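Residue numbers (our numbering): 5 to 103.
All C-beta atoms in this analysis are idealised placements derived from N, C-alpha and C, irrespective of residue type, glycine included.
These figures come from a predicted structure and were not determined experimentally.
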């Protein structure tokens, strides 16, 4: 994640609701800790994190193309977007949100 997208709370720690793949990142790191940093035992966690990052990057780019601000939707909108994707296999039609 680039420093420009890094959203931190007053304590300086990342806020989980502000980072789309925070949970998946934490799961990957926890897997490594549990498995003595044996990467081969954490492939599923890594693939999940990779998919998450790619998915939300696709959403961000699509919204940016349509000039929807902010490029990255907030936590509540992300839940709705991902639920729609899980149900349909497609991204929602963001063109109605374009400004």
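It is roughly 18 Å from the alpha-carbon of residue 24 to the alpha-carbon of residue 93. A contact is defined here as three or more CB-CB pairs under 8 Å, and the segment 75–87 meets this definition with respect to the segment 21–41. Taking all protein chains in view, the Cβ of residue 69 is surrounded by fewer than 16 other Cβ atoms within 10 Å, so the residue is classified as exposed.
Assignment of residue 73 by DSSP, reduced to helix, strand and coil, places it in the coil class. Note that the C-beta distance between residue 64 and residue 76 is below 9 Å.
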